[in-house]
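Below: the structure, in structure tokens.
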Amino acid sequence: MSNEVKIVKEEENFQKNEQYQLTMIPGAFARRLRTCVIFQFIRFIIINIKMIIVVSKSH
Amino acid sequence: MARLVVLGGGVAGHTTATFAAKWLGSDHEVVVVTPNAKWNWIPSNIWVGVGQMTKKDVTFDLAPVYAKAGIDYRQAKAVSLNPEGSESSDKPFVTIEYTSADKAGETENIEYDYIVNATGPKLNFGATPGLGEGSQLGEHTVSVCTADHAVHASEKLQEAIEKMKGGTRQKFLIGTGHGMCTCQGAAFEYIFNIEHELRKAGVRDMADIKWISNESFLGDFGMGGLHMKVGGYVVSSKLFAESLYAERNIEWLIGAHVSKVEQGKVAYELLDGSTGEETFDFAMLIPPFAGVGLKAYNKSGEDITDTVFAPNGFMKVDADYTPKPYAEWKASDWPRTYQNPTYKNMFAAGIAFAPPHLISKPMKSPNGTPINPTPPRTGMPSGIIGKAVAHSVCDMITKGENAHLHEASMAEMGAACVASAGKGIFTGTAAAMTVYPVVPDFEKYPGTGRDTDYTFGEIGLAGHWIKHILHHLFIYKAKLNPGWTLIPE
Ligand SMILES: Cc1cc2nc3c(=O)[nH]c(=O)nc-3n(C[C@H](O)[C@H](O)[C@H](O)COP(=O)(O)OP(=O)(O)OC[C@H]3O[C@@H](n4cnc5c(N)ncnc54)[C@H](O)[C@@H]3O)c2cc1C
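Shown next, in the form of structure tokens:
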């Protein structure tokens, strides 16, 4: 077994504050999706449709 | 010819006045009384507050727009209402005081047939010692509630960034400045925009950022939080809010009533009754909201302010104001038509109407200090209510005073809200959320109180694009450019 330290950058914040330990923190993939233009373009269309439905139900 | 007077040219009042002017045409008169010369798209003040937009980007002159719409615009503030007229005349009137440079301080009585109070909130900085005096922001903290406040906040932020570049650590404290605040969403946007800007400026590691608010849990937003479907689960907004704060390394202090503000320090009381202090180098604390303090008098000049307005200064409408315990709150307590119960030609729209009670669970510290968010009335509900009220007034004018009133209950309408978490066409993110309905209805939706098919939220670049498009779309609409009526509230 290697003694190498396994650093996962996204997980480091769990140790920065006790408050953070009991919540969830997004990993690298979830973070990348947030600013992935192609994925976000698809989400843009879906969110707009959902919002239009909510707006039309409210008028 | 009938005259409709609209008090306030913000989201609700502007919507009411512009639709009423369009529907009534030149047969009737629409007068708008509002103290500012400029219209402000308030949600984008967040971006002004971090230097990503200018005051000019988020405001425009009202006079040419009202001239185009055939609206009689008075740059003035309403002071009092005489809904029964005076001893010499039965005609109701509103007393206004001009704020424009040429007529500043002059007063005038404007008679009306119908009146809509859309005066929004008084920014009640004076409720917390040290936060300000009356509606004036104090010297220790900044605000993003008006475009001018946001410009000042941006200057202070730049100063803090320069200090960090020079090697001095800075502590940022953002949130609510009193136990009875609403508008947590605006503070939420500001804290994440600051964090984003500090990263861009390369000084994030020199900053400690802390959230302080009166919410009993993160993600309450004054709506008792919300539940949404994610990955096959139905989860509380608490989990997502905490996740975002942890991801961005922002500490939180919740259930806090800020009791005093001094230079570089706030004192607070928590829901468990304990007290403490928090230091800061830069603080943006939202003030509590109250009604703008309009007075009302009857025909003989006696003060009837208590009849027309609730103790918090907001106007009484067709809500059920009977005091009830939380367990007995119902969706049907919320108003539907926004008509004043005493004077049928008087309505309130947007933040100006008195809600029947909170939406979040009421909470008190053992010392008896109420520490709970008051109900938000965000842009979309304010616009929808403004339009419904315009419809009702137009029908009363054209079909008679017994015309059917249009309804827009916050317990039956949804709200779409996009909370920016940082600006940038490819690097920006925002939490795009919808809730349906705004006020939970536990009889109709036992469990979460809302329809989880239409209540959702997600964070990403798409949300930022939507926020940016909404900025341009709503300013376009407010300027009454071609096709403005097609853009929903
Ligand atoms: C920083 C910030 C960010 C926000 N972001 C969002 C967001 O992203 N999405 C969202 O949906 N909502 C947001 N909101 C909330 C939104 O701005 C309000 O819901 C909306 O402005 C309420 O509309 P209103 O017409 O009731 O009040 P306002 O828009 O405040 O308008 C009130 C008007 O009345 C005028 N007035 C005041 N006193 C008098 C008087 N005595 N006589 C006559 N006129 C008077 C005021 O000058 C003003 O023009 C935000 C609020 C803030 C402060």
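Chains as they are written, first to last, in this note's numbering: chain W, 20 to 78; chain L, 946 to 1434. For every residue, glycine included, the Cβ atom is placed at its ideal position computed from N, Cα and C. Given the structure is predicted, the values throughout are model-derived calculations rather than measurements.
Secondary structure in the region 1284–1314 of chain L: the beta strand (DSSP E) runs of 3 residues or longer, each lying completely within the stretch, are 1291–1293 in chain order. In the structure shown, HIS1172(L) falls within a strand segment according to DSSP collapsed to helix, strand and coil. In this structure, the CA atom of TYR39(W) is about 22 Å from the CA atom of SER1365(L). Rounded to the nearest angstrom, the gap between the Cα atoms of TYR1242(L) and THR1250(L) is 7 Å.
Of the candidates GLU1142(L), ALA1132(L), VAL1179(L) and VAL1175(L), the residue whose Cα lies closest to the Cα of TRP1197(L) is ALA1132(L). DSSP places LEU1143(L) within a helical segment (H, G or I) once states are collapsed to three. Using a CB distance cut-off of 7 Å, LYS28(W) does not count as an interface residue toward chain L. In this structure, the straight-line span from the alpha carbon of ASN36(W) to that of ASP1047(L) is close to 57 Å.
With a cut-off of 6 Å, the C-beta of LEU1102(L) is classified as distant from ligand 1, since no heavy atom of the ligand falls inside that distance.
Cβ-Cβ distances below 7 Å link GLY1359(L) to THR1379, VAL1380, TYR1381, PRO1382, VAL1383 and TYR1399 in the same chain, with the five nearest sequence neighbours on each side left out; the list follows chain order. In its chain, beyond the 5 residues on either side, LYS1368 have a beta carbon closer than 7 Å to the beta carbon of GLN997(L). Of the residues GLY1176(L), GLU1051(L), GLU1078(L) and ILE1432(L), the one whose Cα lies closest to the Cα of HIS1416(L) is ILE1432(L).
The region 976–991 of chain L makes contact with the region 1044–1060 of chain L: 3 or more CB pairs, one atom from each, lie closer than 8 Å. PHE63(W) has a beta carbon lying within less than 7 Å of a beta carbon in chain L.
By the rule that beta-carbons nearer than 7 Å mark a contact, GLY1065(L) does not touch chain W. In terms of Cα proximity to MET946(L), the closest of LEU1406(L), ARG1149(L), ILE1342(L) and ASN1312(L) is ILE1342(L).
Taken residue by residue, none of the region 1341–1354 of chain L has a beta-carbon sitting less than 7 Å from a beta-carbon on chain W. Per DSSP, TYR1399(L) has no beta bridge partner at all. Within 10 angstroms of the beta-carbon of SER1188(L) lie 16 or more other beta-carbons, which makes it buried. Between the alpha carbons of GLU1042(L) and ARG1019(L) lies a distance of about 9 Å. Taken through DSSP and simplified to helix, strand or coil, HIS1202(L) comes out as strand. Short of 6 Å from the beta carbon of MET1109(L), and not among the five residues preceding or following it, lie these beta carbons of its own chain, in chain order: GLN1115, VAL1148 and MET1151. For LEU1076(L), the secondary structure class from DSSP, reduced to helix, strand or coil, is coil.
For GLY1324(L), the closest Cβ of chain W is not nearer than 7 Å. Only exposed fits GLN1081(L), as fewer than 16 other CB atoms lie within 10 angstroms of its CB.
Distance from the C-beta of ALA1423(L) to the nearest heavy atom of ligand 1 is not below 6 Å. Rounded to whole angstroms, the gap between the alpha carbons of ILE1370(L) and ALA1201(L) is 35 Å. Looking at the DSSP output, LYS1116(L) sits in a beta bridge with ASP1153(L). Per the coordinates, the alpha-carbon of LEU1406(L) lies some 25 Å from the alpha-carbon of THR1004(L). Among the residues facing chain L, VAL74(W) is included, as its CB has a counterpart in that chain under 7 Å away. Counting along the chain, no alpha helix (DSSP H) covers THR1224(L); the unbroken beta strand (DSSP E) around it starts and ends at 1220–1224. Shown here, CYS1126(L) sits in coil according to DSSP, grouped into three states, outside any helix or strand. The alpha-carbon of PHE63(W) is positioned some 42 Å away from that of SER1204(L). DSSP places ASP1017(L) in the uninterrupted beta strand (DSSP E) bounded by 1017–1027. By the C-beta density criterion, GLN34(W) is exposed, having fewer than 16 other C-beta atoms within 10 angstroms. One Cα belongs to PHE1137(L), the other to ILE1154(L), and the distance between them is close to 10 Å.
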